[in-house]
């Protein structure tokens, strides 16, 4: 029996477990990539408009951070600047999640032990996970190349684009193979791998911003930090431009090195053990933990911290680009028109901030939904039962989670407004005014978020078994209506379903109290109904 | 003696499944009550109703003179619960979880907490995610027995404990009983129930099939006898209540219903008894008799026809 015996069986097992998950990832990513071509063609109709965009993007630090380098004005290169980084990060996460799912998660749950007791080699599990992840990336490369070619883009460039994205995925699959050896839990391994993706993103952001601009301002040459990042390498393949196939060699070397490291680490540890020691906790509980509210906060604080960082970064970026908005949006008449439809104002900057804070508000509501669904997770995992077997009433327990979620949402909105206002104030001048205005505009979103929270409370109380899908569907509907409702000209009755439709468009419009009070009243009524329903129902694990 | 908790004609259905089908249970104050039944027979459902986590469809449940559903919070101050499958929060330490449960119940006795941690050999600084099943159960047990409560409701509390810790558990329950506490102990470990329980209820398919003291229950079942006599034994198989006779001249072994024991012994004396061993029925036999019925179809053959397999077990 070799160290790889049983790999084929484990590959089949992994594919069977992923039979929905991986196809959904692949189709979604391909779909996103496919949709970017008509969008770019629609917004930037001719060479002149693409030139304006390329010049503005190549010179804007914010665009360089979030969109990356510019490689000329061809349609393909424009599509890549607009989409490569977003898709690459998603591909990287798809790959890390996949590898961790079939390695550390198996070990954490004890499945690896049962598998290992069969006729299975020591390296079979890790090999199978890597094969599945690499296979998924190869399929993705082909699918992406096909949809790009299907959109009348050049064949070679499309193949390079697919290969570049898949290469990023493969590199991070190997990275996750290493983190899965280090961390003890799947959560930990996923977190470390995601942090590696973040660092890779930042490294190339630094390299892209500090690089130089050539070719009369339509081409970025990145500085060396970009060459330390797998995401940077993918970008440097420059599809539809230089088509640098040789960069794949770098990715292959990195893949080989990381996989070698992962196998070496596997060989030197026990099944189930990690390289990081398990941290110990306090032998007695600190006082603040000893209440339902304290427990709720303890369970939610890590998620809130993560969201805070994300919101501050996004807010800072949105604010930082505010000064260049005239240039960036002005390069396309269609975009300017679109913004006016979304925000309805004449002042482009105000309209921009009304729109972006609306988006940030919706994102923060994502946190609200996630935080409230923790209630359902507690119920299904079985940790709610012993809590309710103590002197804690159902309403008190539910209120503690609702309080954490509501306060957390308010804090996130506050941070979103502060960071947007601060960074816009710093680039445009007048910090105090912009901070006050934009913080107000962000906080205006709170009543709508709380109304959606009320909806989640009701479905949790009424139909617990479908609370998770129903809540996320409601969130998705709000997201779609706010982004597309006006553009698609949907009937008002449909648009009114989303609480966000009723918010005043601050800072374009003045703050009006009536809709905000009405939304808060709805939120309170729904929440009270949810608590009453939960009180009446059986626990449904 | 007062009744600590009682359940009468309890019915609970989940969709088409009838989990409880007219279940009765009565636990008197100060007793340790063994609650036995095969998997899926409704033990945990009964316990969840007693805890007010589920609402009964029909029937009556009373706990410490209150209604478990309506008065849940006030009643829960007076009881502690240990679930069969203890799920804790992975990022809390064991000590934090113990204190949390204790506090939410209304406080625990610090000296008891320290003593129990010591006796169960539990490291309270470990994160809950690092605990084995047995250690998670210890967390729940320490949290429960460190609380100053009147009633303990334990749902298969020792399924993950090793024999050493099981002995500690028995000791802990015995101490609680000496202090006048009431314990409802659902368990699969029959030796444990036999060692601890005053009363036993056996349920099957959501119904109580036997209930009583161990002595009473034993009376309902058979004693295994093996005997050697001076003269060859005859006529034994014709006696009422005698089963599974294995006869070879002056030696015989057979099972006899407890009610017919006297008559069987009188019969044997006529042949000149030289040696006799009798094995009283174990709780395991009681349990298996109700368990075994599923394999033999008949629902109403109360104690008349033990299976060969059971007879084997008793010897």
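Chains as they are written, first to last, in our numbering: chain A, 1 to 541; chain B, 1 to 315.
A virtual CB, placed ideally from N, CA and C, is assigned to each residue, including glycine.
Confirm, please, whether the CB-CB distance from residue j to residue i is below 7 Å.
i, j, result
"residue 172 of chain A", "residue 95 of chain A", "yes"
"residue 12 of chain B", "residue 72 of chain B", "no"
"residue 409 of chain A", "residue 442 of chain A", "no"
"residue 147 of chain B", "residue 105 of chain B", "yes"
"residue 366 of chain A", "residue 458 of chain A", "no"
"residue 79 of chain B", "residue 149 of chain B", "yes"
"residue 503 of chain A", "residue 427 of chain A", "no"
"residue 108 of chain A", "residue 271 of chain A", "no"
"residue 261 of chain B", "residue 223 of chain B", "yes"
"residue 454 of chain A", "residue 532 of chain A", "no"
"residue 311 of chain A", "residue 412 of chain A", "yes"
"residue 434 of chain A", "residue 440 of chain A", "no"
"residue 540 of chain A", "residue 447 of chain A", "no"
Can you give the Cα-Cα distance for residue i and residue j, rounded to whole angstroms?
i, j, result
"residue 228 of chain B", "residue 247 of chain B", "10 Å"
"residue 58 of chain A", "residue 79 of chain A", "14 Å"
"residue 315 of chain A", "residue 417 of chain A", "7 Å"
"residue 375 of chain A", "residue 291 of chain A", "16 Å"
"residue 491 of chain A", "residue 499 of chain A", "15 Å"
"residue 526 of chain A", "residue 451 of chain A", "8 Å"
"residue 219 of chain B", "residue 258 of chain B", "5 Å"
"residue 25 of chain A", "residue 277 of chain A", "33 Å"
"residue 203 of chain A", "residue 481 of chain A", "36 Å"
"residue 225 of chain A", "residue 218 of chain A", "21 Å"
"residue 156 of chain A", "residue 85 of chain A", "20 Å"
"residue 469 of chain A", "residue 116 of chain B", "43 Å"
"residue 8 of chain A", "residue 47 of chain A", "51 Å"
"residue 387 of chain A", "residue 406 of chain A", "22 Å"
"residue 269 of chain B", "residue 211 of chain B", "34 Å"
"residue 34 of chain B", "residue 65 of chain B", "21 Å"
"residue 113 of chain B", "residue 144 of chain B", "9 Å"
"residue 247 of chain A", "residue 56 of chain A", "27 Å"
"residue 497 of chain A", "residue 369 of chain A", "17 Å"
"residue 250 of chain A", "residue 514 of chain A", "59 Å"
"residue 429 of chain A", "residue 21 of chain A", "47 Å"
"residue 358 of chain A", "residue 261 of chain A", "45 Å"
"residue 14 of chain B", "residue 538 of chain A", "11 Å"
CB-CB under 6 Å to residue i, same chain, minus the five flanking residues each way: which ones, in chain order?
i, result
"residue 300 of chain A", "371, 404"
"residue 228 of chain A", "203"
"residue 194 of chain B", "283"
"residue 145 of chain A", "158, 159, 162"
"residue 230 of chain A", "168, 171, 200"
Cutting at 7 Å between CB atoms, please list the residues of its own chain near residue i, excluding the five before and the five after it.
i, result
"residue 24 of chain B", "7, 8, 9, 208"
"residue 294 of chain B", "With a pLDDT of 49 at residue 294 of chain B, under the threshold of 50, the modelled position of that residue is not reliable, and the figure given next carries that caveat. Excluding sequence neighbours, residue 294 of chain B sits near nothing in its chain."
"residue 83 of chain A", "33, 36"
"residue 362 of chain A", "478, 479, 482, 500"
"residue 45 of chain B", "12, 19, 20, 54"
"residue 154 of chain A", "76, 240"
"residue 190 of chain B", "283, 284, 287"
"residue 47 of chain B", "153, 155, 186"
Might you give, ordered along the chain, the residues of its own chain that have their beta carbon closer than 8 Å to the beta carbon of residue i, omitting 5 neighbours on each side?
i, result
"residue 38 of chain A", "151"
"residue 325 of chain A", "348, 349, 352"
"residue 41 of chain B", "203, 204, 205, 206"
"residue 280 of chain B", "218, 223"
What whole-angstrom Cβ distance do residue i and residue j have, given they're in contact under 8 Å?
i, j, result
"residue 123 of chain A", "residue 3 of chain A", "4 Å"
"residue 556 of chain A", "residue 100 of chain A", "In the structure as shown, chain A starts at 1 and stops at 541, and residue 556 of chain A therefore has no counterpart that could be examined."
"residue 151 of chain B", "residue 5 of chain B", "7 Å"
"residue 274 of chain A", "residue 129 of chain A", "Not a contact, Cβ separation roughly 16 Å."
"residue 68 of chain A", "residue 181 of chain A", "In fact, because the Cβ distance is near 31 Å, the residues do not count as touching under 8 Å."
Subject >> chain A contacts from the segment 121–148 of chain B (Cβ-Cβ distance under 8 Å) >> reply: 124, 125, 126, 127, 129, 130, 140
**OP:** Select from the segment 379–397 of chain A all residues with a C-beta closer than 7 Å to any C-beta belonging to chain B, and list them in chain order.
**Re:** 381, 382, 383, 385, 386, 387, 388, 389, 390, 391, 392, 393
**OP:** With 9 Å as the C-beta to C-beta threshold (strictly closer), list the residues of the segment 164–186 of chain A near chain B in chain order.
**Re:** 184, 185
**OP:** For the segment 51–64 of chain B, enumerate the residues whose C-beta is nearer than 9 Å to any C-beta of chain A, in chain order.
**Re:** 51, 52, 53, 54, 55
**OP:** Quick one: which residues of the segment 490–523 of chain A get their C-beta closer than 8 Å to a C-beta of chain B? List them in chain order.
**Re:** none
**OP:** Taking a Cβ distance cut-off of 9 Å, strictly less, list which residues of the segment 84–98 of chain B are near chain A, in chain order.
**Re:** 85, 86, 87, 88, 89, 90, 91, 92, 93, 94, 95, 96, 97, 98
Original post:
Between the segment 211–225 of chain B and chain A, which residues of the former have CB atoms less than 7 Å from a CB of the latter, in chain order?
Top reply: none
**OP:** Would you list, in chain order, the members of the segment 22–41 of chain A that have their beta-carbon closer than 9 Å to a beta-carbon of chain B?
**Re:** none
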